[in-house]
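Residue numbers (this note's numbering), protein chains in the order written: chain A, 521 to 862; chain B, 521 to 862; chain C, 521 to 862; chain D, 521 to 862.
These notes are about the structure you will find just below.
4 protein chains.
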Amino acid sequence: MEIIMIIVLKPSATPEEIQLFTDKLSSDYDVRINRWDGVHSTVLGLIGDTHTVDIEYIDAQDIVESVKRVQEPYKKANRKFHPENTVVKISDSVSIGDGSLHIMAGPCSVESEEQIVEIAKSVKKSGATLLRGGAFKPRTSPYAFQGLKSEGLDLLKIARKETGLPIVTEIMRTEHIDMFENVDIIQVGARNMQNFDLLRELGRTKKPVLLKRGLSATIEEWLMSAEYIMAGGNDNVILCERGIRTYETYTRNTLDVSAIPIVKKLSHLPVVVDPSHASGKSWLVEPLAMAAVAAGADGLIIEVHNDPPHALSDGAQSLTPEQFDAVSKKIFALKNALNVDT
Amino acid sequence: MEIIMIIVLKPSATPEEIQLFTDKLSSDYDVRINRWDGVHSTVLGLIGDTHTVDIEYIDAQDIVESVKRVQEPYKKANRKFHPENTVVKISDSVSIGDGSLHIMAGPCSVESEEQIVEIAKSVKKSGATLLRGGAFKPRTSPYAFQGLKSEGLDLLKIARKETGLPIVTEIMRTEHIDMFENVDIIQVGARNMQNFDLLRELGRTKKPVLLKRGLSATIEEWLMSAEYIMAGGNDNVILCERGIRTYETYTRNTLDVSAIPIVKKLSHLPVVVDPSHASGKSWLVEPLAMAAVAAGADGLIIEVHNDPPHALSDGAQSLTPEQFDAVSKKIFALKNALNVDT
Amino acid sequence: MEIIMIIVLKPSATPEEIQLFTDKLSSDYDVRINRWDGVHSTVLGLIGDTHTVDIEYIDAQDIVESVKRVQEPYKKANRKFHPENTVVKISDSVSIGDGSLHIMAGPCSVESEEQIVEIAKSVKKSGATLLRGGAFKPRTSPYAFQGLKSEGLDLLKIARKETGLPIVTEIMRTEHIDMFENVDIIQVGARNMQNFDLLRELGRTKKPVLLKRGLSATIEEWLMSAEYIMAGGNDNVILCERGIRTYETYTRNTLDVSAIPIVKKLSHLPVVVDPSHASGKSWLVEPLAMAAVAAGADGLIIEVHNDPPHALSDGAQSLTPEQFDAVSKKIFALKNALNVDT
Amino acid sequence: MEIIMIIVLKPSATPEEIQLFTDKLSSDYDVRINRWDGVHSTVLGLIGDTHTVDIEYIDAQDIVESVKRVQEPYKKANRKFHPENTVVKISDSVSIGDGSLHIMAGPCSVESEEQIVEIAKSVKKSGATLLRGGAFKPRTSPYAFQGLKSEGLDLLKIARKETGLPIVTEIMRTEHIDMFENVDIIQVGARNMQNFDLLRELGRTKKPVLLKRGLSATIEEWLMSAEYIMAGGNDNVILCERGIRTYETYTRNTLDVSAIPIVKKLSHLPVVVDPSHASGKSWLVEPLAMAAVAAGADGLIIEVHNDPPHALSDGAQSLTPEQFDAVSKKIFALKNALNVDT
C-alpha cells in the first residue's frame with residue numbers, strides 16, 4: 521500500500537543535518553522523497569511503500585518538528601481498497617450489511633431458561649432477527665452479579681433452538697474462544713476494544729465478531745481494532761456504535777450518530793447501533809434507534825427484559841416486550857419509508 | 521418553587537456542630553429539615569422554598585461533605601411547571617414548535633445582494649421557510665472576514681422582501697439589540713451562550729431568540745441560559761443543538777442527537793438542529809439532518825451557498841442549492857412518513 | 521509571514537481538474553505550488569504568503585480531500601517571531617513574566633468596603649502582590665448574586681489605596697471598557713474568551729489583560745484570542761489557565777498543567793494559573809498551586825475570603841486568610857528552591 | 521459497610537404505589553427507610569447494609585425518578601475504612617508509599633540484552649530505583665512491533681541481576697500470570713484497566729500491581745478497578761496516573777495532576793505518575809514530573825532510551841540517559857526542598 525508522509529523540519533535544522541537525514545531515509549526505506557524549502561521551514565514528503573516506516577521513529581528525530589501520515593493507517597478495513605460493502609452472513613435468513621435492517625434484541629444478562637426463552641419468543645414475534653444476551657458480564661463492581669457464564673451460553677443455545685434466532689453474546693477472555701465456537705456472533709465489549717490479544721485470536725477464527733466502539737475510542741482507533749481482527753484473515757467484522765464518553769452527564773454516554781455515515785464512508789464494514797447502552801435510559805431507546813436508522817445503520821442492538829425492575833443488570837435501560845413491540849413497529853415503518861424514498 | 525436539597529455531613533462532625541448548623545439553617549431560611557443518622561454519616565434534607573438558599577453557601581461549610589439539589593435549577597424553562605409545548609410564532613405562516621418541521625436555510629455569511637436574494641429564492645423553492653445568513657461573524661482569527669455587519673442586515677431585509685421568508689441572523693453584542701429590531705429571529709451563537717449580559721438584555725425584548733448550545737455546555741447549563749432570557753419576560757426561546765466538543769477529531773463537533781428528546785422532556789421549548797456546524801462537512805449534512813428529524817427535532821438550520829468554493833466562510837460545510845433541494849426532499853418525505861406513523 | 525499548506529486531493533481527481541485547480545491557485549495568490557504524484561493520491565504544497573488564502577476556501581473545493589496548515593495561525597503571540605519573553609509591567613514593583621512569582625489573591629466577589637480592605641491587607645501581609653475581586657459576576661443562574669458592579673470597582677480602588685496592591689477584576693461587556701480605565705489588570709473570563717468584539721476593543725487600549733482559557737478551548741484557540749487583542753496593538757496580555765472541561769466529575773474542571781510549559785514554548789506571553797476555579801475545592805488549592813509553580817507558572821490567582829461560609833459566591837473554593845498564609849509560605853519556599861536549583 | 525441511598529420518586533407516584541414500593545424494599549433488604557414528602561416530590565432515604573441493593577434495580581422501577589448512592593462504592597481501597605497509607609514493599613530498599621520518592625525508568629520496549637543492561641546501569645546511576653521495560657506491547661496497529669515477549673522478560677531479569685533494580689513490566693492476558701511470577705511489579709496498562717478477568721486473577725496473587733488509569737476512566741472507576749484486585753486479597757496496589765483523553769490535541773493525553781491529591785484523599789494507596797505517556801513529548805517530561813512531585817506523587821515512571829531515534833516504540837517521548845540524569849537531579853532536589861518545607 522502506498523503511503524504518503526509529510527515531515528516538517530525544525531527551523532533550526534542546518535542544510536547538513538537535512539542532507540544526512542534524507543540520505544538515511546533513502547537508504548533505509550524504499551521511498552521517494554520530495555523536499556520543499558520555505559524561508560523558515562523545510563518540508564519533506566515521503567511517497568512509496570512507507571508502510572514499513574514507523575511514524576514514531578520519524579517523530580523521535582531531533583530535527584523533526586512534526587510528522588503526519590496522509591492516509592488512514594488501516595488497509596483491510598479501508599473502503600478505498602475494498603469499495604463494495606461487506607455483508608456478514610450469519611444464517612440463511614440473516615445477513616448484516618445487505619441493505620436490510622436487523623434488530624438484535626434480548627436481556628442484558630441471561631438469568632434462567634424460562635426468562636431467555638420467553639424473551640426470545642417475544643422479540644422474534646416483534647420482528648427481531650437475532651437474540652442478544654450476556655453470559656459473561658463485565659461489571660465495574662467486583663461485588664455485582666457477573667453472569668451465569670457457561671451455563672448462560674447453554675441457555676442461549678436452548679433459546680436459539682426454540683426460536684431459530686441466531687445468538688449474539690460477549691466474550692471476555694482469549695481462553696474462552698473455544699467455548700464460543702457454537703455462538704453465531706461473538707461480541708467484543710467496549711472495554712475490550714483494545715484488548716489486542718483477544719482481537720488477534722478472534723482474527724484466527726472465521727466467526728462473525730460484533731466489535732463495540734471503546735468508551736473514548738476515536739473512529740480511527742476503532743477501525744484499527746477491526747484491522748487487528750481482519751489482519752488475521754477474519755473479514756466477518758460488524759462495527760457497533762454504543763455511545764462515547766463526553767462531559768455531558770445526563771446520559772450515561774453520548775451517542776455519536778455521525779459515526780454511522782463516517783464509518784460507512786471510510787470502511788466497507790456494516791455498522792449497528794446500541795441505543796440502550798448509549799443512553800442508559802429506556803425512554804431514550806426509541807428516539808435514538810429512529811435517529812440511527814435514519815442515519816443509515818444496518819442494525820440495532822436493543823435490551824429487552826420481561827421484568828425490567830427485577831433484571832439482574834441494566835434494568836433501567838431495558839424495554840419491556842410490549843415497549844419493544846411498539847418501538848420495533850416504528851423502526852420498521854421508518855426503514856420502509858426510507859426504502860421507498862431512495 | 522419547592523426545592524429539596526440533600527446535605528451529607530462529614531463523618532467527623534460532632535453532634536454539637538450538627539445542632540448548631542441545623543439551628544442556623546432553620547432560622548435563616550423558610551425550610552423544613554429532615555435528618556437521618558447512619559453509623560458513619562448524617563444526612564440532612566431541606567424541603568421548602570430553598571430557592572433562596574445558595575448551594576455554594578452550604579457547600580462552603582466546614583462540616584459539609586457534599587450537597588446536591590434534587591430539582592432542576594431552572595423554572596420558566598422547565599416542563600414540570602409548563603407541561604404544554606411552547607410554540608414560537610414567527611409570522612402568519614411560520615410557527616416553530618407546533619408539530620410541523622421548519623428549515624432555516626441560507627449562507628454562512630451574507631456577501632452581496634445578488635448572492636443573498638438568489639439563495640433565498642432558491643431555498644424557498646426547495647421548501648425552506650426561513651432564511652438564515654450571517655451579517656456579524658464571530659471568527660477565531662482576527663485576520664478573517666468578519667461579515668458585512670449592518671449592510672448585511674440590510675441585504676437580508678431585501679431578500680426577505682423579495683421572498684417573504686422571515687430572517688434569522690446572529691447578534692454579537694448587547695449594543696446591537698436596537699439594530700436587530702427588525703430581524704425575525706435573533707441568533708445567539710455557541711460562543712455567546714453564557715454571555716449573560718446579552719441574554720439578560722434579550723430577555724427585555726419580545727424577540728424570538730435562537731439560542732445555540734455552547735461548545736461544551738451541559739444540557740442543564742443550556743437551559744439555564746434559556747432561563748436568563750425567560751426570567752426577563754421573553755418566552756420566545758428556540759433551542760439549537762449544534763454539536764458539542766469531544767475528543768473525536770474527525771468531525772468539527774459531535775452532534776448530540778440525544779439532546780433533542782432530552783430537552784423536549786425537560787423543557788417545553790422547541791428545539792432545532794444545525795447539522796452543518798455539527799459536522800463541518802457538507803456530505804454529513806443529509807444523514808445528520810435525517811437523524812435529527814427522526815429523533816424529534818422541530819426544525820433544522822442548514823448552510824446553503826450558491827458557490828461554496830467561493831464562500832467567504834464555511835464553504836466546506838455548505839450545500840449547493842441543488843444538493844439542498846435533494847436533501848430537503850428527503851427530509852420532508854421522512855417527516856411525512858413519521859406523521860403517518862404516529 | 522510565510523505559510524505552508526498541504527493539500528491532499530481526492531483519488532478521483534482527474535489530471536485536467538488538478539491542472540485547473542493549480543492554475544487558479546497560482547493566479548489568485550502569490551504562492552509557489554509543489555506537487556507530488558503518488559499512485560493513488562496527489563499532494564500539493566503551497567508556500568508563500570498564503571496568509572491571504574482562506575483554508576476554508578481550499579477545503580470547500582470539490583477535488584480536495586483535506587487541507588492542513590503547517591504553521592500556527594497566530595503571529596503576534598508566536599514565540600517564533602518574538603523569541604524573548606514578554607514582561608507585562610503592572611506597577612513599579614510588579615512585572616508579570618520577569619522570572620519572579622506573583623500571587624493575585626482576594627475574594628470571588630467584592631461584598632463591602634470592610635471585607636475587601638480587610639482581605640487586601642491580609643493577603644498583602646501573606647505575600648500577595650496583587651488584589652483580585654469580582655465586581656461584575658458571570659453567574660449561571662439569573663437568580664444568583666450578580667456582583668456590586670460599579671460600586672464594587674470603587675471599593676477595589678479604596679482597597680488599592682489602603683494597601684498599594686494593583687487590582688485585577690473581570691469585565692463582562694464592551695461598553696464597560698471606559699469604566700475599567702483605572703483598573704490595573706482587566707480580566708476576561710473563560711466564558712468570554714471568544715467574545716471577539718470584547719477582545720478587539722481591549723486591543724485598542726494599552727491595558728494589561730488577563731485572558732482566561734475557555735472551558736473547552738484548545739491551546740491554539742486560546743492563543744488566537746490573545747492574537748485578537750494583540751492585533752489591535754495591545755501586547756500586554758497575560759494568559760490564565762483555569763482548568764478545562766473533561767468527563768471527570770470529581771473536580772469542577774480539570775487543571776491542564778501541561779498547558780503551562782506548552783504556552784511558554786509556543787508563545788512569549790506570561791502565564792498564570794487559577795487553582796481555585798480549576799478545582800472548585802479549597803483543599804485542592806495548595807497541591808495544584810504547587811504543581812503549577814513547579815511546572816513554570818509566572819503567577820497564581822487564588823480566592824481568599826475572610827468568611828468563606830458566608831461568601832456570596834464560590835465559598836467552597838475560597839481559602840481563609842490563615843489558610844492562604846500557610847499556602848503562600850509553601851509556594852514561595854518552593855519558588856526559592858526552584859531558583860536555587862537552576 | 522453502611523451505605524445510604526437517596527431515591528427521588530416521580531411526581532406522578534401515587535401514595536399506594538409508594539407504600540407498595542417501600543414495603544417491598546423493607547421486606548427484601550435489611551435497611552431502614554426514611555421518607556420526606558414535599559409538595560411535588562417524595563424522597564426516600566435507605567440506610568443500612570444496602571451493599572446488597574443493586575442501584576440498577578432501584579433505578580429500573582417505574583416510580584423512581586433518580587437514585588444516588590451517598591458513599592463511594594469501593595471499600596478496601598477507601599481511606600475511610602483504612603486511614604493510614606498503604607506502603608507497598610518491593611524489595612529491602614524499595615517501598616512505594618513510605619514518603620520517599622521512587623523513579624521507575626527504562627525503555628518503552630526491551631530490545632536486546634545490551635540495550636536493557638546499558639539503560640538499567642545508566643538510570644541506576646542517575647537515581648532510579650526500579651527498572652521499567654515492555655516485553656509484551658499493546659500497539660494500536662497489528663503491523664507494529666509487538667515486543668520480544670517472554671524473551672523480553674528474560675532480558676529484564678538479566679538487567680535486574682546486573683543492577684539489583686527491581687523490574688516493572690506490563691501483562692496483557694490472564695494466562696501469562698505464571699510467566700510473570702518472578703517480576704517485581706506487574707503493570708496493568710490503561711487499555712486493560714477494566715479487563716475485569718485479569719484484575720480478578722491478579723487479586724489471587726500477592727504480587728505488587730501497578731494499575732494505570734484508563735484513558736477515559738473516572739477516578740471512581742479507577743478505584744473500583746483497584747477494588748477488584750483487593751477484593752481477592754491482594755492489597756499491593758499502586759495507582760498510576762498517565763493522562764486522560766480530552767478534546768485538547770496538542771498533547772497525546774492530558775495529565776490530570778489533580779488526581780494525585782484526590783486519590784490520596786479518597787484512598788490509602790500510593791500513586792505514581794507517568795509523564796512520558798501523559799504528554800507523548802520528551803521535552804514535556806521534566807515540567808510534568810516536577811508538577812507531579814510538587815502535587816504529592818509517591819513516584820514517577822519515565823521512559824529512557826539510549827538511542828531514542830532508533831527506539832522500536834515511543835521514541836518521541838523517551839529521554840536520553842543524559843537528559844534523564846539532568847531531570848532526575850532536578851526532581852530529587854525538588855523532593856528534598858519539599859521535605860525541608862514540611
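C-beta atoms are modelled at their ideal positions from N, C-alpha and C, and glycine is treated no differently.
Quick caveat, the model's predicted, so the values are computed rather than measured.
Going by DSSP in three states, residue i sits in which element: helix, strand or coil?
i	result
D:K801	coil
A:S615	strand
B:N859	helix
D:N712	helix
D:Q666	coil
B:G763	coil
A:E576	helix
D:R652	strand
A:E536	helix
A:L832	coil
D:Q843	helix
D:L564	strand
D:A625	strand
I need the boundaries of the beta strand (DSSP E) containing residue i, first residue and last residue.
i	result
B:D557	V551 to D557
A:K588	V584 to R589
A:I739	Here A:I739 belongs to no beta strand (DSSP E); instead the alpha helix (DSSP H) covers I739 to A751.
D:I639	Looking at the DSSP string, D:I639 is not in any beta strand (DSSP E); the run it does join, the alpha helix (DSSP H), is E633 to K645.
Measure the CB-CB distance between residue i and residue j and report whether it falls below 8 Å.
i	j	result
A:I706	A:L719	no
D:L935	D:K850	Absent from the model: residue 935 of chain D. The displayed extent of chain D is 521 to 862, so no value can be given.
D:K657	D:S833	yes
C:I894	A:G558	Examination of residue 894 of chain C is not possible in this model, given that chain C is present from 521 through 862 alone.
B:T694	B:D717	yes
B:Q581	C:P829	yes
C:V608	C:P686	no
A:I526	A:T542	no
D:I883	D:A648	Examination of residue 883 of chain D is not possible in this model, given that chain D is present from 521 through 862 alone.
A:V708	A:I697	no
B:S787	B:E823	no
C:V630	C:G684	no
C:R765	B:S745	no
C:C628	C:S838	yes
Count the other CB atoms, across all protein chains shown, that sit within 10 Å of the CB of residue i; report buried if there are 16 or more and exposed otherwise.
i	result
B:G753	exposed
C:D550	exposed
A:S778	buried
A:V860	exposed
Positions along the stretch 821-847 of chain D whose CB lies within less than 9 Å of some CB in chain A
Correct list: H825, P828, P829, H830, A831, L832, S833, D834, G835, A836, Q837 and S838.
Mind listing which residues of the stretch 690-713 of chain B have their C-beta closer than 7 Å to chain A's C-betas, in chain order?
So the list is empty, because no residue satisfies the distance condition.
Along the stretch 551-576 of chain B, what residues have a CB closer than 7 Å to any CB found in chain D?
Of all residues in the stretch 551-576 of chain B, only N554, W556, G558, V559, H560, S561, V563, G565 and I567 place a beta-carbon less than 7 Å from a beta-carbon of chain D.
Could you please tell me which residues of the stretch 735-768 of chain B, in chain order, have their CB closer than 7 Å to any CB of chain D?
Per Cβ criterion, the list reads R765, T766 and Y767.
Scan the stretch 716-737 of chain A for residues whose Cβ lies nearer than 9 Å to a Cβ of chain D and list them as they occur along the chain.
Considering only beta carbons, the part of the stretch 716-737 of chain A lying closer than 9 Å to chain D consists of F716, D717, L718, L719, R720, G723, G734, L735, S736 and A737, in chain order.
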